[in-house]
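Worksheet for the structure shown next.
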Amino acid sequence: MALVFVVDDDPVTGEAIAAALAREGHELRVFSAPGDVLAAAREAEPAVAITDFAMPGMNGLELIRALRELSPDTTFLVVSGQATVEDAVALMKEGVVDVLVKPPRARALRRALALALRQHELAAENRRLRQALRDRRLLENVVGASPAFAEVLRQVEQVAATPATVLLTGETGTGKEVIAEAIHELSPRAERRLVKVHCAAIPETLLESELFGHARGAFTGAVREKPGLVEVADGGTLFLDEVGEIPLDIQAKLLRVLQEGEVQRIGETAPRKVDVRVVAATNRDLEVEVREGRFREDLWYRINVIPIHLPPLRQRGDDVLLLARHFLEQETARLGRTDLEGFTPEALEALRAYAWPGNVRELQNAIARAAALAPGPLVREEDLPDRVRGRTTEGQRLVLPEDMTLEEMERLMILHALEVTGGKKKEAAARLGISLATLYRKLDRYQRGDT
Ligand SMILES: Nc1ncnc2c1ncn2[C@@H]1O[C@H](COP(=O)(O)OP(=O)(O)OP(=O)(O)O)[C@@H](O)[C@H]1O
Ligand SMILES: [Mg+2]
């Protein structure tokens, strides 16, 4: 069932048109004032609008233009007693599907409506496809297909449409900034700015005025007034990287931005309204920061509205290989090396076996280096950094540090097992070949610190 608007300044004509279409099974709404039509279109977009041409206040053409702003997929039929051939041509140019002469015959009306509905479906489908294409293009450089990463992308698509505050967590190099960009690009704010603040990189003494701005003469050196980055991001997205590094006193002002949508420049008394969407990132555990009094609890609640955790690369399975190929293509294109075609099986195996503590960034650097070094046509294991080649294929030899005790080794193995099982103790115990009780006992001992 489609929503169809009928507009005629003469209610009798409007009702007659609706009556002729009553049995087509659509939801018909009849209007006699153009203003009412626009108000209704704001509530629900009609598939088709059938409108009179000569109306007091706003003629058919003006109404069509105004409606199209509100409802871009609506298609139009015009019913007119007076439209000249020239008018009809102008209307068709505006995308009006058909111009019918008053009083329209029921059969002609029904046929025109069917045509207009089909055009509407095409227009809507077209826009959906364009949107999907745009989304895919935006995410083209965000690589990953593992279940863990697919879940991240699903969350990104879901939150992008909302103005909700997002907190990105994850180890260094897992792609927090990449994901912050994706959230902005896929959001309705994409036309406006994404302002990035690397909180750890700005000296504490400058951070406050950078974020919130200042009045002229607010402090020595403030020779002219300056808006803060929060204001610069108005209407757009503010990316607060390393949000855990923000000192407590500045956290209070940030809370105000999130809570009231207000920012106050240093040296000014009146707050200014701002509309910013905040995406924050941290590789610290903010819960610990809160517990230890370094991060305000109320701010944490405001920032942690939608947490998205980026899994470390070692938990993303074959994404390592997808990313390696992606970075190799990027690098060969950049270096103009058409002779490099891929990796040897041994190189792929080494890439897959390594734990990547520096995550995607470390992988990217390793591939960039290999692309410069490899004689070609394939990147070999020996073109990769030494640490990546730590485990070789022959016999999977483990390289042991010389000064390690058995205790330490055991502890490392247990931590590793917990890591690869995502913290699931039962699975980790099974992997290690010990009972769950033994695992608990050992963990308990590590926690007490008497290893
Ligand atoms: N899924 C991905 N697909 C393609 N490139 C990625 C992906 N994730 C990360 N990268 C690349 O890896 C590098 C590191 O990513 P990014 O800077 O977003 O990490 P981060 O989590 O912000 O790290 P840090 O905590 O150290 O700031 C960047 O060059 C980025 O382009
Ligand atoms: Mg970062």
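To convert a position in the sequence shown, counted from 1, into my numbering, add 1394. Just so you know, even glycine gets a beta-carbon here, dropped at the ideal spot from N, CA and C.
- Nearest neighbour of L1601 by Cα position, chosen from P1621, R1583, L1561, E1515, turns out to be P1621.
- Sequence-distant Cβ neighbours of D1669 in its own chain, meaning closer than 8 angstroms and more than five residues away, are D1628, G1629, G1655.
- The beta carbons of L1704 and T1568 sit closer together than 8 angstroms.
- If you draw a straight line from the Cα of L1503 to the Cα of Q1476, it comes to about 17 angstroms.
- Taking all protein chains shown into account, K1570 has 16 or more neighbouring C-beta atoms within 10 Å of its C-beta and is therefore buried.
- Separation of E1579 and L1588 (C-alpha to C-alpha, rounded to the nearest whole angstrom) is 9 angstroms.
- Distances from the CA of A1427 to each of V1400, A1413, R1417 were compared; the closest alpha carbon is that of V1400.
- In this structure, the straight-line span from the alpha carbon of A1766 to that of L1729 is close to 8 angstroms.
- In the DSSP assignment, H1420 falls outside any beta strand (DSSP E), carrying neither H nor E.
- In this structure, the CA atom of G1752 is about 6 angstroms from the CA atom of T1566.
- Neighbourhood of ligand 2, defined by CB distance below 7 angstroms to any of its heavy atoms: K1570, E1571, D1635, A1675, in chain order.
- Taking 7 angstroms as the cut-off, one finds at least one heavy atom of ligand 1 near enough to the beta carbon of V1537.
- Rounded to whole angstroms, the Cβ separation of V1591 and L1634 is 5 angstroms, and the two are in contact under 8 angstroms.
- Around the beta carbon of Y1748, a 10 Å sphere encloses 16 or more other beta carbons of the protein chains shown; the residue is thus reported as buried.
- At a cut-off of 7 angstroms, the beta-carbon of T1445 does not count as near ligand 1: no heavy atom of the ligand is closer than that.
- Within the model, the alpha-carbon separation for F1606 versus I1644 is close to 10 angstroms.
- The beta carbon of Q1549 sits no closer than 7 angstroms to any heavy atom of ligand 1.
- With a threshold of 7 angstroms, the Cβ atom of H1578 does not count as near ligand 1, since no heavy atom of the ligand is closer than that.
- As a beta-bridge residue in DSSP terms, L1588 pairs with T1631.
- Within the same chain, A1576, E1579, L1580 come within 8 angstroms of L1532 by CB-CB distance, once the 5 residues on both sides are set aside.
- According to DSSP, K1620 shares a beta bridge with H1608.
- By the CB criterion at 8 angstroms, V1572 and V1536 fall inside the cutoff.
- Approximately 36 angstroms separates the beta-carbon atoms of V1699 and L1745; this is outside 8 angstroms, ruling out the contact.
- Between E1439 and T1469, the C-beta gap is not smaller than 8 angstroms, which leaves the two residues out of contact.
- Here the stretch 1766-1784 lies against the stretch 1735-1744, with 3 or more beta-carbon pairs under 8 angstroms apart.
- For L1561, the three-state secondary structure derived from DSSP is strand.
- Between G1454 and V1472, the CB-CB gap stays under 8 angstroms.
- Scanning R1659, L1717, V1442 for the CA closest to the CA of G1489 turns up V1442.
- Per DSSP, the continuous alpha helix (DSSP H) segment holding T1726 begins and ends at 1713-1729.
- V1493 sits in a strand when the DSSP states are folded into three classes.
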